[in-house]
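Single-structure report; data block below.
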């Protein structure tokens, strides 16, 4: 069983839901409290033991490369001004030289195509795939939990969460087989099934550990929904040859590709900060109280 040392981050999306904010700024660089969204995802990967970070980018994404680069002028200025703590914080977030690779998805053809674009950099070894819109909040990172399951089961591992059975039509749903440690064996994958057709209430939630054979199926994959190459279609084909396990993730997931999820993430992560929690909690209480009073007056 090979160690999971490589992670792929598909960051070529346009971020149209956040226009005009994302007209010149990559959506992955929008900040949750005081860190870009992409930093949370990279930190999660680093915690899980990832050594090679592969970004599949597109046009106007150079800010991501700059963020993970060594900024000599900034570091020198902070050192000269004696801001040692902030300087060390920035350095700790920066990958080591040679740990980061970039490739371009020149045509927007879906998540499956973005992953396929990383094939030469990944090589013939298993890898993690982390969707940068999804950030997780838990005591132990989601990917680290998945790696621990992978070390027991091998094969492919998907993070899954349980949804309300009436909402299966919103997600990619998996079939539940025999229990395995922190999850279960996946028996099927269905994209957005009606509640009566869903094999379970468990849906795939933005974190994957995949074997390199997935690239063979992506290579020959026909376009699916929206004229795009879908990763789920390739995984469904791979499922016929290799085992998949679902890790039941326990924690909070925020879809920062949606304004609602982005606002939720800012609130949740601010409330985790000792220096911000009292202020944010009091501010939220006041806002809710004022809105309630206004609603009662209107009524």
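In the working numbering, the protein residues as written are 500 to 798. Every residue, glycine too, gets a C-beta built ideally from N, C-alpha and C. Here the structure is a predicted model, which means the values were calculated and not measured.
Contact belief for residue 676 with residue 667 at Cβ below 8 Å, rounded distance in angstroms: Sequence index remark: in the chain shown, residue 676 carries index 177 (1-based). Sequence index remark: in the chain shown, residue 667 carries index 168 (1-based). Not a contact, Cβ separation roughly 18 Å.
Proximity winner among 669, 753, 763 and 592, relative to residue 546 (alpha-carbon distances): Reading the chain shown from its first residue, position 47 is the one you call residue 546. Considering only alpha carbons, the answer is 592.
First and last residue of the uninterrupted beta strand (DSSP E) at residue 648: Translated into positions along the chain shown, residue 648 becomes position 149. Where residue 648 is concerned, there is no enclosing beta strand (DSSP E), although the alpha helix (DSSP H) it sits in stretches over 641 to 652.
Given residue 610 as reference, the closest of 506, 691, 644 and 728 once Cα atoms are compared: The count along the chain shown starts at 1 and reaches residue 610 at position 111. For the residues 506, 691, 644 and 728, the minimum Cα distance to residue 610 belongs to 728.
Close beta carbons around residue 628, own chain, < 7 Å, minus the five adjacent residues each side: Translated into the one-based positions of the chain shown, residue 628 becomes position 129. So the list reads 507, 614, 707 and 709, once near-sequence residues are dropped.
Proximity to residue 526 [Cα-Cα], best of 761, 787, 619 and 775: Mapped onto the chain shown, residue 526 falls at position 27. Ranking the options by Cα distance to residue 526, first place goes to 761.
From 703, 648 and 670, residue whose alpha carbon lies closest to that of residue 678: To locate residue 678, count along the chain shown from 1; it is residue 179. The shortest Cα separation from residue 678 among 703, 648 and 670 belongs to 648.
contact_flag[the segment 552 to 571, the segment 509 to 526] where n(CB pairs < 8 Å) is 3 or more: yes
Between the CA atoms of residue 587 and residue 779 - distance to the nearest angstrom: Looking up residue 779 in the chain shown gives position 280. Looking up residue 587 in the chain shown gives position 88. So the alpha carbons of these two residues sit roughly 26 Å apart.
For residue 698, the nearest candidate out of 661, 530 and 777 (CA to CA): Numbered from 1 along the chain shown, position 199 holds the residue referred to as residue 698. Out of 661, 530 and 777, 661 has the C-alpha closest to the C-alpha of residue 698.
Touch test, the segment 530 to 540 against the segment 571 to 583, Cβ-Cβ under 8 Å, three pairs minimum: no
Alpha carbon of residue 785 to alpha carbon of residue 524, nearest angstrom: Taking the chain shown and counting its residues from 1, one reaches residue 785 at position 286. Taking the chain shown and counting its residues from 1, one reaches residue 524 at position 25. Cα to Cα, the separation comes out at about 32 Å.
Residue 514 versus 788, 790 and 758, residue with shortest Cα-Cα distance: The sequence position of residue 514 within the chain shown is 15, counting from 1. Measuring from the Cα of residue 514, the nearest candidate turns out to be 758.
Residue 641 versus residue 682: straight-line alpha-carbon distance, rounded: Along the chain shown, read from residue 1 onward, the residue named residue 641 stands at position 142. Along the chain shown, read from residue 1 onward, the residue named residue 682 stands at position 183. Going by the C-alpha atoms only, they are around 13 Å apart.
Continuous beta strand (DSSP E) stretch holding residue 539: start and end: Counting from one through the chain shown, the residue named residue 539 turns up at place 40. No beta strand (DSSP E) holds residue 539; the alpha helix (DSSP H) holding it covers 536 to 546.
Close beta carbons around residue 654, own chain, < 8 Å, minus the five adjacent residues each side: Start at 1 with the first residue of the chain shown, and residue 654 comes out as number 155. 710, 741, 742, 743 and 744, listed in sequence order.
CB contact flag (residue 799, residue 574, <8 Å): Residue 799 is absent from the structure shown; the chain starts at 500 and stops at 798.
Beta-carbon proximity check, residue 549 vs residue 504, cutoff 8 Å: Working through the chain shown from its first residue, we reach residue 549 at position 50. Working through the chain shown from its first residue, we reach residue 504 at position 5. Yes, the pair counts as a contact, with Cβ atoms nearer than the cut-off.
Cβ-Cβ distance between residue 726 and residue 633 below 8 Å: Mapped onto the chain shown, residue 726 falls at position 227. Mapped onto the chain shown, residue 633 falls at position 134. Not a contact, by the Cβ cut-off of 8 Å.
Residue span of the beta strand (DSSP E) that contains residue 751, given as start and end: The sequence position of residue 751 within the chain shown is 252, counting from 1. Unbroken beta strand (DSSP E) run through residue 751: 751 to 754.
Same chain, Cβ closer than 6 Å to residue 616, five either side skipped, listed in chain order: Residue numbering aside, residue 616 sits at position 117 when the chain shown is read from its first letter. Cβ neighbours of residue 616 beyond the five flanking positions: 555, 602 and 604.
CA-to-CA distance, residue 788 to residue 775, given in whole angstroms: For the purposes of this step, residue 775 is taken as residue 276 along the chain shown, with counting starting at 1. For the purposes of this step, residue 788 is taken as residue 289 along the chain shown, with counting starting at 1. Straight-line Cα distance between these residues: approximately 20 Å.
According to DSSP, residues forming a beta bridge with residue 628: Looking up residue 628 in the chain shown gives position 129. Paired residues: 507 and 707.
Alpha carbon of residue 701 to alpha carbon of residue 781, nearest angstrom: Taking the first residue of the chain shown as position 1, residue 701 is located at position 202. Taking the first residue of the chain shown as position 1, residue 781 is located at position 282. Taking the straight line joining both Cα atoms gives about 36 Å.
Residue 531 burial status per 10 Å Cβ neighbour count (16 or more: buried): Indexing the chain shown from 1 puts residue 531 at position 32. Result: buried.
CB of residue 767 within 8 Å of CB of residue 636, strictly: Taking the first residue of the chain shown as 1, we reach residue 767 at position 268. Taking the first residue of the chain shown as 1, we reach residue 636 at position 137. Taking 8 Å as the Cβ cut-off, residue 767 and residue 636 qualify as a contacting pair.
Of the listed residues 756, 693, 639 and 696, nearest to residue 750 (C-alpha basis): On the chain shown, residue 750 is found 251 positions in, with the first residue counted as 1. Residue 750 has its Cα closest to that of 639, out of 756, 693, 639 and 696.
Cβ pair residue 746, residue 656 closer than 8 Å: Taking the first residue of the chain shown as position 1, residue 746 is located at position 247. Taking the first residue of the chain shown as position 1, residue 656 is located at position 157. Their beta carbons are under 8 Å apart, which means residue 746 touches residue 656 by this criterion.
Helix, strand or coil at residue 555 [DSSP, three-state]: For the purposes of this step, residue 555 is identified with residue 56 of the chain shown, where counting begins at 1. In the structure shown, residue 555 sits in a strand (DSSP, three-state: E or B).
Cβ-Cβ distance between residue 722 and residue 690 below 8 Å: Looking up residue 722 in the chain shown gives position 223. Looking up residue 690 in the chain shown gives position 191. Cβ atoms of residue 722 and residue 690: not closer than 8 Å.
Three-way DSSP call (helix, strand, coil) for residue 742 in this model: Here residue 742 refers to the residue found at position 243 of the chain shown. Correct three-state label for residue 742: coil.
Helix, strand or coil at residue 574 according to DSSP, with G and I counted as helix: Residue numbering aside, residue 574 sits at position 75 when the chain shown is read from its first letter. DSSP places residue 574 in helix when its eight states are reduced to three.
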